[in-house]
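Participant: Dumping the structure here so I can ask a few things about it.
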Amino acid sequence: MAEYLFLVPLLPLIGFLINGLLIGRLPRSVVSAVACGSVGLSLIVAIMLFFDLKALPADARLIEQTLFTWISADILHVNLAFMLDPLSAIMILVVTGVGFLIHVYSVGYMAHDKCFGRYFAYLNLFTFSMLVLVLADNFLLMFVGWEGVGLCSYLLIGFWYEKQSASDAGKKAFIVNRIGDFGFLIGMFIIFWHVGSLDFATVSQNAPMVFAAGGTVITVACLCLFVGATGKSAQIPLYVWLPDAMEGPTPVSALIHAATMVTAGVYMIARTNVLYMMAPDALMVVAIVGAATALFAATIGLAQNDIKRVLAYSTVSQLGYMFLACGVAAFSAGIFHLMTHAFFKALLFLGAGSVIHAMSDKQDMREMGGLKKHLPITFMTMLIATLAISGIPGFSGFFSKDEILWKSFSSSHGHVALWVLGFITAGLTAFYMFRLIYLTFYGEERMDAETKKHIHESPRTMTVPLMILAVLSVIGGLVGMPHIFGATNYFEEWLHPVMAGPPQEAATHALASAGANTSMEWILMFASVALVLMAIYLAWYLYRKNTAAAGSLADKLSGARTTLANKYYVDEFYGAVVIRPLIVFSLFLWKIVDVIIIDGFLNGLASLWHDISNALRHAQSGRVRSYATMFVFGVILVVAYFVLGSN
Amino acid sequence: MVPISAYLILAAVLFGIGTVGVLISRNVIVMFMSIELMLNAANMVLIAFSRALSIADGHVIVFLVLTVAAAEAAVGLGLIIMIYRNRATINIDRFSLLKW
């Protein structure tokens, strides 16, 4: 089975080629069959490979496949090679699994769009790029996938390019991502310069010999890589593109901007965990940025009225959790949250898509309300996802979030302040998610009559993926039960061989003060559950029970509310500090340097010769006798020179 | 015996007359004749030195020059006839098409 590893990325590529080369020439049924079929087959291969991998002994779980040598120049030797280890196995399952469901959902969602073929071609190309990213066995091939998903993200955000805001959002995403990619490249160069190889295995093996632990070089390299991660995974300061990315079709938001692509940064840090473990300062930066982003984005999410924007800020916030986990060296907790988040966030987005579909493309929650009885399946599934993301015990989000919070408190890299940030974020998350539920599905129906007439539950091809994701959102967490429940954390055990030091360290740490820690873990768990329940009660009180109170509270806090609704004016700040000076500088280069200096120099040179020629051309009188006279005088002068000069 | 300087002075005078003729005449035929005069002044110098130094080379060259000059005269007169046929004039000042 191992020799079929290349099929996992190849199948979506074939789907892309078929759909991409034959745009507009295939009937819709064939397009959807090719697109869903290629990803579905890829999922089947991925599942079979997963069981192959599971059959191997724990410390030998590695399937490698080298297709050919890609670059061989002096010491730079890069193979086109794929690597399946426990970490990438989880990633390909998430990418192909969630990706497949979203492909199926898209068939229904995009049924009326005129660019059906183009949409699925892009979607397949994205799946291919993402699979290359997670299966790559070296930095360079990973970078290829990294850029590929960036490109597809751009193409799909600007999918409805006739809309100015959509094409602007696409460009914004691409440019902001390029800034991050620059950091990734620099980090890659530093690593290659010192280690002389780009293979993950070689780098991980040689890094302890090459770099001094905690030294400047490794810290700078890790920080550069982290800059790349902040771009792709929408962390402070490069998160600004993600909320705008909601201009794309909703299934795209679900697949790319919630479940898969934005987790590439988390995956990359987990993949290079050996390097990060050697750079505690870089880890601390990761943790602080992650925790700050989690809180920051959650507060913005409180005051958004667009249903997709709430989910977008929620995604930024949850990604912050994942980075917080990585930053406290709990890489497997980060990947665990990545997986559960992929389930419930994809479900939330697809549910939102179903709501938008029913509402004739309206996204403002103030115009919704009372949709519960019209959209029963959407309501049930979204409620499950909301319970999961809020961290209600029993749902998947509870286990992963709780593990992150506990690790941020107990890990040797953790700190109580990080826990507090994560703890507050958990409360805010529950509040804005239930605000969304109450505004959308409960209360009076605030939409206009025309919209109301068209409200309908979505077709089967959309609701079935919702139900499958809902099941996954409930049971997805069971693979990673915390130790204190007396269960085995299969997830952490599974990832153990890939993650360098932390699990053993944490284990010894836990053993040393087992008693105290266990009771502490229980206390923290109850505290966060209590906070979440309070937040839900508050949301219920403000948006369901006593909506007048919500209005008067909003008036009292109008200053804070405006600030939040305007996203802390970060876009305006970037506009004034980065974009405006760049425009002014570009204008200077254009109007002054290019037009006046460069063009002026060349035009001046040309007109100089023009003027000289103009003065001299009068010598060309056309009169033969005057030419002859000049000739004779010339001869006389030359002869005189030689005759007189020779004496 | 006539001294060689006399031949040279005569040649110089002929050359000078030819040159002035070319420069001041407007008639192409007169210019052409003046050029022939300059050519023969040069021939005269060759003959004079050849005789004075008793070397036959000068004579040989002059015969060659005379032959070429005959051909050149034919071509030149042919050109002049063609110019006259086209423009009905042989005033050199009227042929200034190549001026600025």
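So the sequence lines, in the order shown, correspond to chains A and B.
Positions 881 to 1527 (our numbering) are the ones given, in order, by the first sequence.
Positions 162 to 261 (our numbering) are the ones given, in order, by the second sequence.
Positions of the beta carbon are idealized from the N, C-alpha and C atoms, including for glycine.
Small disclaimer: the values here were computed from a predicted structure and weren't measured.
(1) For glutamine 945 of chain A, which three-state DSSP category applies?
(2) Please report the straight-line C-alpha distance between serine 1197 of chain A and leucine 921 of chain A, rounded to a whole angstrom.
(3) Out of A:Thr1305, A:Gly997, A:His1293, A:Leu1298, state which residue places its alpha-carbon closest to the alpha-carbon of tyrosine 1193 of chain A.
(4) Closer than 8 angstroms by beta-carbon distance: list the chain B residues that pair up with glycine 1038 of chain A, in chain order.
(5) When we look at the beta-carbon of histidine 1293 of chain A and count the other beta-carbons within 10 Å, is it buried (16 or more) or exposed?
(6) Using 8 angstroms as the threshold, is the stretch 1022-1036 of chain A in touch with the stretch 1046-1062 of chain A, meaning 3 or more CB pairs across them?
(7) Phenylalanine 1522 of chain A: buried (16+ other C-beta within 10 angstroms of its C-beta) or exposed?
(8) Output the distance between the C-alpha atoms of arginine 1505 of chain A and valine 1473 of chain A, rounded to the nearest integer angstrom.
(9) Please confirm if leucine 258 of chain B has its CB atom under 8 angstroms from at least one CB of chain A.
(10) So which residues of chain A does leucine 262 of chain B contact, with C-beta pairs closer than 8 angstroms?
(11) Roughly how many whole angstroms lie between the Cα atoms of proline 1382 of chain A and valine 1412 of chain A?
(12) Report yes if the CB atom of valine 1100 of chain A is closer than 8 angstroms to the CB atom of phenylalanine 1091 of chain A, and no otherwise.
(13) If you follow the beta strand (DSSP E) that alanine 991 of chain A is in, where does it begin and where does it stop?
(14) Nearest CA to the CA of tryptophan 1026 of chain A: which residue from A:Trp1121, A:Ala1144, A:Asp1017, A:Asn1086?
(15) Against chain B, with Cβ distances strictly below 8 angstroms, would serine 1501 of chain A count as a contact?
(16) Measuring only the C-alpha atoms, how far is leucine 1011 of chain A from alanine 1329 of chain A?
(17) Under 8 angstroms, do leucine 1444 of chain A and isoleucine 1180 of chain A count as touching if we go by C-beta distance?
(18) Could you give the DSSP three-state label for aspartate 1061 of chain A: helix, strand or coil?
(19) Taking C-beta to C-beta, are alanine 1419 of chain A and leucine 1298 of chain A nearer than 8 angstroms?
(20) Among B:Leu214, B:Arg187, B:Phe176, which residue has its Cα nearest to the Cα of isoleucine 196 of chain B?
(21) Verify the CB distance criterion: does threonine 180 of chain B have a CB-CB separation below 8 angstroms to chain A?
(22) Taking alanine 961 of chain A as part of the beta strand (DSSP E), name the residues at either end of that continuous run.
(23) Label glutamine 1085 of chain A either buried or exposed according to how many other C-beta atoms from any shown protein chain fall within 10 Å of its C-beta, with 16 as the threshold for buried.
(24) Residue range of the alpha helix (DSSP H) that isoleucine 1553 of chain A falls in?
(25) So, helix, strand or coil for alanine 1101 of chain A, using DSSP?
(26) Using the Cα positions of isoleucine 1070 of chain A and alanine 940 of chain A, report the straight-line distance between them to the nearest angstrom.
(27) Report buried or exposed for tyrosine 1318 of chain A, applying the criterion of at least 16 other Cβ atoms within 10 angstroms of its Cβ.
(28) So, does the CB of isoleucine 253 of chain B fall closer than 8 angstroms to a CB anywhere in chain A?
(29) Between threonine 1331 of chain A and serine 1234 of chain A, which are expected to be in contact by the criterion C-beta below 8 angstroms, what is the C-beta distance as a whole number of angstroms?
(30) Hey, is methionine 1248 of chain A's beta-carbon within less than 8 angstroms of any beta-carbon in chain E?
(31) So, at 6 angstroms on beta carbons, what are the nonlocal neighbours of isoleucine 1335 of chain A in its own chain, with the 5 sequence-adjacent residues on each side left out?
(32) Quick check on asparagine 1426 of chain A: does DSSP put it in helix, strand or coil?
(33) Would you call the CB atoms of methionine 1219 of chain A and valine 974 of chain A closer than 8 angstroms?
(34) With a threshold of 8 angstroms, are at least 3 pairs of Cβ atoms found where one atom belongs to the stretch 943-952 of chain A and the other to the stretch 908-927 of chain A?
(35) Would you list the one or two residues that DSSP bridges to asparagine 252 of chain B?
(36) Can you list the alpha helix (DSSP H) stretches of 4 or more residues lying completely in the stretch 1293-1347 of chain A, in chain order?
Facilitator: If we stick to the structure as given:
(1) Position 65 of the first sequence, counted from the start, is the residue given in the question as residue 945 of chain A. Of the three classes helix, strand and coil, the one that applies to glutamine 945 of chain A here is strand, per DSSP.
(2) Reading the first sequence from its first residue, position 317 is the one you call residue 1197 of chain A. Reading the first sequence from its first residue, position 41 is the one you call residue 921 of chain A. Taking the straight line from one Cα to the other gives about 33 angstroms.
(3) Reading the first sequence from its first residue, position 313 is the one you call residue 1193 of chain A. Of A:Thr1305, A:Gly997, A:His1293, A:Leu1298, the residue nearest in Cα terms is A:Thr1305.
(4) Against the first sequence, residue 1038 of chain A aligns to sequence position 158. What glycine 1038 of chain A touches in chain B: nothing, since even the nearest Cβ is about 60 angstroms away.
(5) Position 413 of the first sequence, counted from the first residue, corresponds to residue 1293 of chain A. Counting every other CB atom within 10 Å of its CB across the protein chains shown gives histidine 1293 of chain A a total of 16 or more, marking it as buried.
(6) Enough Cβ pairs lie closer than 8 angstroms, so yes.
(7) Here residue 1522 of chain A is taken as the residue at index 642 of the first sequence, counted from 1. Per the 10 Å Cβ criterion, exposed.
(8) Against the first sequence, residue 1505 of chain A aligns to sequence position 625. Against the first sequence, residue 1473 of chain A aligns to sequence position 593. One C-alpha to the other measures close to 52 angstroms.
(9) By one-based count along the second sequence, residue 258 of chain B stands at place 97. Interface residue, yes.
(10) Missing from the structure shown is residue 262 of chain B; chain B here goes from 162 to 261 and no further.
(11) By 1-based counting over the first sequence, the position of residue 1382 of chain A is 502. By 1-based counting over the first sequence, the position of residue 1412 of chain A is 532. The predicted model places proline 1382 of chain A with a pLDDT of 47, which falls under 50 and marks its position as unreliable, so this point remains unresolved.
(12) Residue mapping note: residue 1100 of chain A aligns to position 220 of the first sequence, counting from 1. Residue mapping note: residue 1091 of chain A aligns to position 211 of the first sequence, counting from 1. Contact flag unset, no.
(13) If you number the first sequence from 1, residue 991 of chain A lands on position 111. DSSP places alanine 991 of chain A in no beta strand (DSSP E); its state is neither H nor E.
(14) For the purposes of this step, residue 1026 of chain A is taken as the residue at position 146 of the first sequence. The shortest C-alpha to C-alpha distance from tryptophan 1026 of chain A to any of A:Trp1121, A:Ala1144, A:Asp1017, A:Asn1086 is the one to A:Ala1144.
(15) Taking the first residue of the first sequence as 1, we reach residue 1501 of chain A at position 621. Interface criterion met: the Cβ of serine 1501 of chain A is under 8 angstroms from a Cβ in chain B.
(16) For the purposes of this step, residue 1011 of chain A is taken as the residue at position 131 of the first sequence. For the purposes of this step, residue 1329 of chain A is taken as the residue at position 449 of the first sequence. Rounded to the nearest whole angstrom, the CA to CA distance from leucine 1011 of chain A to alanine 1329 of chain A is 45 angstroms.
(17) As a working note, residue 1444 of chain A is residue 564 in the first sequence. As a working note, residue 1180 of chain A is residue 300 in the first sequence. Their beta carbons are under 8 angstroms apart, which means leucine 1444 of chain A touches isoleucine 1180 of chain A by this criterion.
(18) Walking along the first sequence from the start, residue 1061 of chain A turns up at place 181. Aspartate 1061 of chain A: helix per DSSP, three-state reduction.
(19) In the first sequence, counting from the first residue as 1, residue 1419 of chain A sits at position 539. In the first sequence, counting from the first residue as 1, residue 1298 of chain A sits at position 418. Going by C-beta atoms, alanine 1419 of chain A is not nearer than 8 angstroms to leucine 1298 of chain A.
(20) In the second sequence, counting from the first residue as 1, residue 196 of chain B sits at position 35. The shortest C-alpha separation from isoleucine 196 of chain B is found at B:Phe176.
(21) Mapped onto the second sequence, residue 180 of chain B falls at position 19. Chain A contact via Cβ: present.
(22) Here the question's residue 961 of chain A lines up with position 81 in the first sequence. Run containing alanine 961 of chain A: 956-964, per the beta strand (DSSP E) assignment.
(23) Here residue 1085 of chain A is taken as the residue at index 205 of the first sequence, counted from 1. Counting the other CB atoms within 10 Å of its CB gives glutamine 1085 of chain A a total below 16, which places it among the exposed residues.
(24) No information on residue 1553 of chain A is available, as it lies outside the stretch 881 to 1527 that chain A covers here.
(25) Translated into positions along the first sequence, residue 1101 of chain A becomes position 221. Alanine 1101 of chain A: helix per DSSP, three-state reduction.
(26) Against the first sequence, residue 1070 of chain A aligns to sequence position 190. Against the first sequence, residue 940 of chain A aligns to sequence position 60. Roughly 30 angstroms separates the two Cα atoms.
(27) Sequence index remark: in the first sequence, residue 1318 of chain A carries index 438 (1-based). Looking at its Cβ environment, which holds 16 or more other Cβ atoms inside 10 Å, tyrosine 1318 of chain A is buried.
(28) For the purposes of this step, residue 253 of chain B is taken as the residue at position 92 of the second sequence. Using a Cβ-Cβ cut-off of 8 angstroms, isoleucine 253 of chain B counts as an interface residue toward chain A, since at least one Cβ of chain A sits closer than that to its own.
(29) Within the first sequence, the letter at position 451 stands for residue 1331 of chain A. Within the first sequence, the letter at position 354 stands for residue 1234 of chain A. Wrong, their Cβ atoms sit about 15 angstroms apart, outside the cutoff.
(30) Within the model displayed, chain E is absent; protein chains A and B are what it includes.
(31) Start at 1 with the first residue of the first sequence, and residue 1335 of chain A comes out as number 455. Setting aside the 5 residues that flank it on each side, isoleucine 1335 of chain A is surrounded in the same chain by Ala1238, His1254, each with a C-beta closer than 6 angstroms to its C-beta; the list follows chain order.
(32) As a working note, residue 1426 of chain A is residue 546 in the first sequence. Coil, per DSSP.
(33) Position 339 of the first sequence, counted from the start, is the residue given in the question as residue 1219 of chain A. Position 94 of the first sequence, counted from the start, is the residue given in the question as residue 974 of chain A. Yes, they are a contact pair.
(34) Contact between the stretch 943-952 of chain A and the stretch 908-927 of chain A is absent: fewer than 3 CB-CB pairs across the two stretches fall below 8 angstroms.
(35) What you label residue 252 of chain B is simply residue 91 of the second sequence in a count that begins at 1. Answer is B:Asn188.
(36) Within the stretch 1293-1347 of chain A, the complete alpha helix (DSSP H) runs of at least 4 residues are 1296-1321, 1329-1334.
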